[in-house]
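Asker: Each step along the sequence shown adds one to the number in our numbering, with nothing skipped, and position 800 is 816.
Yeah, the Cβ is synthetic: ideal placement off N, Cα and C, and Gly gets one too.
Below is a structure I'd like to ask you about.
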Amino acid sequence: MEKSFEPAQIESKWYARWEASGAFQPPGKGEPYCILLPPPNVTGTLHMGHAFQQTVMDMLVRYQRMRGMNTLWQVGTDHAGIATQKIVENQLAAEEKTRHDLGRDAFVERVWRWKEESGSTITHQMRRIGAAADWSRERFTMDEGLSAAVRKVFVEWYRAGLIYRGNRLVNWDPVLGTAVSDLEVNNVERDGHLWSIRYMTVDGAESVVVATTRPETMLGDVAVAVHPEDERYAHLVGQMLRLPLTGREIPVIADDYVEREFGTGCVKITPAHDFNDYAIGQRHKLAPITIFTLGAQVNDNAPEKYRGLDRYDARKAVLADLEAAGLLVETKPHKLQVPVSQRSDAVIEPMLTDQWFVDLTSDVQADGRPGGRKAITEPALDAVRSGEIKFVPENWSTTYTQWLDNIQDWCISRQLWWGHRIPAWYDEAGNIFVGEDEADARASAATAPVGALRQDEDVLDTWFSSALWPFSTLGWPAGGPVRNERGEIVANWEDDQVFLPSAVLVTGFDIIFFWVARMVMATRYFTGRIPFREVYINAIVRDAEGQKMSKSKGNTLDPLDLIDGIELEPLVAKSTRSLLIPQVREKVEKRIRRDYPDGIKAIGTDALRFTFAALASYSRTINFDLKRAEGYKAFCNKLWNAARFVLMNVGDSGFGIRDSEKPATEAERWILTRLKQTLAEAEGHFVTYRFDLLAQTLYEFVWNEYCDWFLELSKPALSKVEGPAPNGGDADAAASTRHTLLVVLETVLRALHPVVPFITEEIWQSVAPKLGLDPAGGILGQPWPQAGAIAADAAASAEIEWFKSVLSGIRRIRAEMNIAPGKTIPLLLAGGDAGDRARAAKFAAQIAFLARVDAPQWIEAGADEPAAAAAVVGSMRVLIPLAGLIDLGAEKARLAKEIGRIEGEIRKCEGKLGNANFVANAPAEVVAQERQRIVDWSAQLGALREQVQKLG
17 MEKSFEPAQI ESKWYARWEA SGAFQPPGKG EPYCILLPPP NVTGTLHMGH
67 AFQQTVMDML VRYQRMRGMN TLWQVGTDHA GIATQKIVEN QLAAEEKTRH
117 DLGRDAFVER VWRWKEESGS TITHQMRRIG AAADWSRERF TMDEGLSAAV
167 RKVFVEWYRA GLIYRGNRLV NWDPVLGTAV SDLEVNNVER DGHLWSIRYM
217 TVDGAESVVV ATTRPETMLG DVAVAVHPED ERYAHLVGQM LRLPLTGREI
267 PVIADDYVER EFGTGCVKIT PAHDFNDYAI GQRHKLAPIT IFTLGAQVND
317 NAPEKYRGLD RYDARKAVLA DLEAAGLLVE TKPHKLQVPV SQRSDAVIEP
367 MLTDQWFVDL TSDVQADGRP GGRKAITEPA LDAVRSGEIK FVPENWSTTY
417 TQWLDNIQDW CISRQLWWGH RIPAWYDEAG NIFVGEDEAD ARASAATAPV
467 GALRQDEDVL DTWFSSALWP FSTLGWPAGG PVRNERGEIV ANWEDDQVFL
517 PSAVLVTGFD IIFFWVARMV MATRYFTGRI PFREVYINAI VRDAEGQKMS
567 KSKGNTLDPL DLIDGIELEP LVAKSTRSLL IPQVREKVEK RIRRDYPDGI
617 KAIGTDALRF TFAALASYSR TINFDLKRAE GYKAFCNKLW NAARFVLMNV
667 GDSGFGIRDS EKPATEAERW ILTRLKQTLA EAEGHFVTYR FDLLAQTLYE
717 FVWNEYCDWF LELSKPALSK VEGPAPNGGD ADAAASTRHT LLVVLETVLR
767 ALHPVVPFIT EEIWQSVAPK LGLDPAGGIL GQPWPQAGAI AADAAASAEI
817 EWFKSVLSGI RRIRAEMNIA PGKTIPLLLA GGDAGDRARA AKFAAQIAFL
867 ARVDAPQWIE AGADEPAAAA AVVGSMRVLI PLAGLIDLGA EKARLAKEIG
917 RIEGEIRKCE GKLGNANFVA NAPAEVVAQE RQRIVDWSAQ LGALREQVQK
967 LG
């Protein structure tokens, strides 16, 4: 092994070898275990959320593979209809062209060309974080097999009466010219105004005042609503108002939606441009009036003077005319949430348009066939309510069921050219014909079409194809092998359906509705199975202060910059490159220079992965702190240096890993006992998805127990120090210790591998041959270490824990009293029992060797004691005489601090035991443990107080 740990050299070497060897492909034996990658946009690049989520998936896949499972991590990318089309349209704009200049076929061909050239960036970046994905099965939501599945699903749902075309209100992006999903809309707080407008009754005798943040939409008002129990307006319900600026008459209606305590208690109703108003309009059978074109200009349904105006120019004109007419009652500042398109930054306009929908709400269709709710939604609800699908943490199941209980029909059409074109055709009379192709549409038609057919111009929502991901990626529907463009088989339903359901879906809470629920609905309907058994909802990554990561804040981190490192100036340039507003760019640059004055130092992939694991609790969000990541780089360095120490001390001799001889020393039996406990805890944390506890468990064992203690405890044996234990002084003890050093190191490397794959592979390649293992198959081909295969020795553990306490006490006194580490000092022991005396005699040589002290001397009861610094081990006091070594006042202060600490521990225990709920509900062994802790702490407290008295 090299002298120092260099992550970059190791990572570039091992990933290429793993992939080339087929190490990530299903081994074909064992119980199936599959994870589906939430397909990232083909336009995307790896961000912190991706890196965190994919680290979690990779840990699970590697762990289960080592457990002997037939693992498949199914990966692929999403065609990202809007985002991809926008990229290519921006390229055309730079050439002073539009997609219409090319025509649909040529434009789509150009998008495909861009995808082939630039669309695999994120998958290459995934390899950098060590993703053990089967790239030979990589899928794309627009590839031939998935496209066939999409068409089949659309046709079958349509023919079952579960897909329909209708004129309904949708989120409309007037810049992109398409409907968009709620997930593609950000609600942004902005400064606005609340305008109060007077509406007169037709006879002019009375009026009502309404308040609105969008006065231009009044041109499309069809009513004013009041609460049914609002006595102020009860006499006006059913009467007509004259809509200002238009001359139209609109009714006053009563509806429970109105909050009578809010504002004036009167609400203008514009069903064509507000989702809540649309629902009210439906209840009261009010015909909506659309006043905007698809480009958000005023249309011919408004008075002539406003026609053709942009919606915001129309606002100014309407407000001026209202004020001139004396109908503008009040204008006041108002904070409001504005829906903004993620893709174009345009303000979303609710718009009535003709769209395709999946029926998710009807119980029974008009012709008596099963409706959407029973056919699609109810089975998806039952899958979670029955426990077939479990959410982790469990509370997210409530979010899932609440959304499905209140679901709306799903708008699946988009006014784009890039995507799965809707397999529907129209004849000259406007009749609709649906089929997997035009021939199928004609053949399935009940009546012959009138004239030629033209295909629908729209494409399907990206989430439609993503909903089929659990089974379409496996080759559904059956029909032989699915091949990629290179002729390689990527899926075969007859073989690969063993991976359905997959074991666990790892995803964010923000797409429970858009993706998770829809996958359950589609998979259950078309295969009769659930898509996955568990859904682990991972947290959202925020910055160290808990702020949402944002380019405009300058607090985003590129995971590859953390892995590779980046100088300050390139980091500044990269962080400000896409910021167009000078003030924002200046603010971001200032923050980058403040937070990273020396740039970002490379920490390597393993340290980043360990950081993600350590943060992966059940929290809704996690705060990523670069300093913590640097700490886990130190962990990797410590593991590396420990391995070098072991390899240098075991020499070239080989050892058999299955050696059944009992270890010669108590230190060996102690570390094996702790290894057994660590592995058992680690397995439990994998099962419960508590990766933070997994990381903590492995970290503490490697850093504290193996590196800090066992390597130290091995030195007497390796140095042939005389004495029986813990590592006592003959050739057998030395050989046994070397063997155990290797066995524990090799075992913990396997346990660590799912978390830190690169460094463990590199070290294991040097360790394995020492134990007779063939390194050719790599560490991933080795079995996960089983806790049950390791023998525990409670007696040896108790002995070593006593020995550790003595050493720790001596070292703590040395450190706090500033005694030079190399100076040999006297050691006295007082109190204790026969067991302490036996242990002191047994470990005398090792204590002297490791603690740099003279052989311990006992002070008999009643004998005079010199002034000394003390540590307490049970009822025994470990004393370092003060004479010539220690300042008496400093020792009193140290003891007072230690007494305060122990008193605090006792208060904590007493607080728990004084809590009736804790005593009643906690496991009996936990309550007993707290009571024993009080006994132990009290004994130490008494010994320390006694020592203070002896010091005067």
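I'd like to confirm the pairing. Which residues does DSSP put opposite Y552 in its beta bridges?
Answerer: Note: Y552 sits in a beta bridge opposite V408, V522.
Asker: Give the range of the beta strand (DSSP E) segment to which K348 is assigned.
Answerer: Run containing K348: 344-357, per the beta strand (DSSP E) assignment.
Asker: Any C-beta of chain C sitting closer than 9 Å to the C-beta of G797?
Answerer: Protein chains in the displayed structure number just one, and chain C is not present.
Asker: Which two residues bound the contiguous beta strand (DSSP E) that contains H209?
Answerer: Here the beta strand (DSSP E) through H209 covers 201-217.
Asker: Express the C-alpha separation of G38 and S460 in angstroms, rounding to a whole number.
Answerer: Cα to Cα, S460 sits roughly 45 Å from G38.
Asker: I364: which of T194, Q70, A659 sits nearest, CA to CA?
Answerer: Ranking T194, Q70, A659 by Cα distance to I364 puts T194 first.
Asker: Given that a residue counts as buried once 16 or more other Cβ atoms are within 10 Å of its Cβ, and exposed if not, what is G135?
Answerer: Buried, because 16 or more other Cβ atoms sit within 10 Å of the Cβ of G135.
Asker: Less than 8 Å between the CB atoms is what I'm expecting for P842 and V869, so what's the real figure, rounded?
Answerer: Rounded, the Cβ-Cβ distance is 7 Å, consistent with contact.
Asker: Decide if the region 349-368 is in contact with the region 305-312; the criterion is three or more beta carbon pairs, one per stretch, under 8 Å apart.
Answerer: Taking 8 Å as the limit for Cβ pairs, the verdict is that the region 305-312 does touch the region 349-368.
Asker: Look at the Cβ atom of Q712, then the Cβ atom of A630, and state whether they are nearer than 9 Å.
Answerer: Yes, the pair counts as a contact, with Cβ atoms nearer than the cut-off.
Asker: Could you give the DSSP three-state label for I138: helix, strand or coil?
Answerer: Helix.
Asker: Short of 8 Å in beta carbon distance, which residues of its chain neighbour E265, apart from the five on each side in sequence? Order them along the chain.
Answerer: Result list for E265: V218, M256, L257, R258, L259, in chain order.
Asker: Considering only DSSP beta bridges, list what V314 is partnered with.
Answerer: Answer is F308, bridged to V314.
Asker: Ignoring anything shorter than 4 residues, give me the alpha helix (DSSP H) runs that lie fully in the region 152-201, in order along the chain.
Answerer: Complete alpha helix (DSSP H) runs here, min 4: 160-175.
Asker: Would you tell me roughly how many angstroms separate the C-alpha atoms of P740 and V522, rounded to the nearest one?
Answerer: Its pLDDT being 46, under 50, P740 is placed unreliably by the model, and the measurement read from it follows with that caveat. Each residue's Cα considered, the two are about 52 Å apart.
Asker: Going by C-alpha distance, which of A784, K839, R855, W780 is nearest S813?
Answerer: Here the closest residue by C-alpha is R855.
Asker: From the DSSP output, which residues share a beta bridge with M565?
Answerer: Note: M565 sits in no beta bridge, so no partner.
Asker: May I ask you to list the residues that DSSP assigns as paired with Q471?
Answerer: Answer is W441, bridged to Q471.
Asker: Rounded to the nearest angstrom, how far is the Cβ of F156 from that of H95, given a contact under 8 Å?
Answerer: About 7 Å separates the two Cβ atoms, so the contact holds.
Asker: Take the Cβ of V9 as the centre, count every other Cβ of all protein chains shown within 10 Å, and call the residue buried at 16 or more, exposed below.
Answerer: No information on residue 9 is available, as it lies outside the stretch 17 to 968 that the chain covers here.
Asker: Taking the alpha helix (DSSP H) that E832 falls in, what are its first and last residues?
Answerer: From DSSP, the alpha helix (DSSP H) with E832 extends over 810-832.
Asker: Under a Cβ-count criterion, where at least 16 other Cβ atoms within 10 Å of its own Cβ denotes burial, should R359 be classed as buried or exposed?
Answerer: Buried.
Asker: For P556, I'd like the list of residues in its chain whose CB is within less than 6 Å of its CB, leaving aside the five on either flank, ordered along the chain.
Answerer: Contrary to the premise, residue 556 reads as Ile rather than Pro in this sequence. For I556, where only same-chain residues beyond five positions count, the Cβ hits under 6 Å are T637.
Asker: Out of curiosity, what's the CA-to-CA distance linking E585 and D614?
Answerer: Looking at the two C-alpha atoms, the distance is approximately 9 Å.
Asker: When you compare only the Cα positions, how much space is there between N508 and A147?
Answerer: C-alpha separation (whole angstroms): 23 Å.
Asker: How long is the line joining the alpha carbons of A860 and E921, rounded to whole angstroms?
Answerer: Approximately 31 Å between the Cα atoms of the pair.
Asker: Pull up the distance between the alpha-carbon of T228 and that of L210, whole angstroms please.
Answerer: Each residue's Cα considered, the two are about 6 Å apart.
Asker: Give the DSSP-derived three-state secondary structure of E583 in the structure shown.
Answerer: In the structure shown, E583 sits in coil (DSSP, three-state: anything other than H, G, I, E or B).
Asker: Would you check if the distance between the CB atom of G467 and the CB atom of E444 is smaller than 9 Å?
Answerer: Yes, the pair counts as a contact, with Cβ atoms nearer than the cut-off.
Asker: Where in the region 474-540 do unbroken runs of the alpha helix (DSSP H), each at least 4 residues long, occur, reported from the N-terminal end onward?
Answerer: Correct list: 478-482, 485-488, 509-512.
Asker: Short of 6 Å in beta carbon distance, which residues of its chain neighbour P897, apart from the five on each side in sequence? Order them along the chain.
Answerer: Answer for P897: P842, P882, A884, listed in chain order.
Asker: Whole angstroms is fine: what's the gap from K168's alpha carbon to A538's?
Answerer: Their Cα atoms are separated by approximately 12 Å.
Asker: Judging by CA-CA distance, which residue of K406, E907, F865, K858 is the nearest neighbour of N834?
Answerer: Here the closest residue by C-alpha is E907.
Asker: If you reduce the DSSP assignment to three classes, tell me which class E265 lands in.
Answerer: E265 falls in the strand class under three-state DSSP.
Asker: If the criterion is Cβ atoms closer than 9 Å, does the pair T776 and R766 meet it?
Answerer: Yes, these two residues count as a Cβ contact at 9 Å.
Asker: Give the straight-line distance between the Cα atoms of G435 and R126, rounded to the nearest whole angstrom.
Answerer: So the two alpha carbons sit approximately 13 Å from each other.
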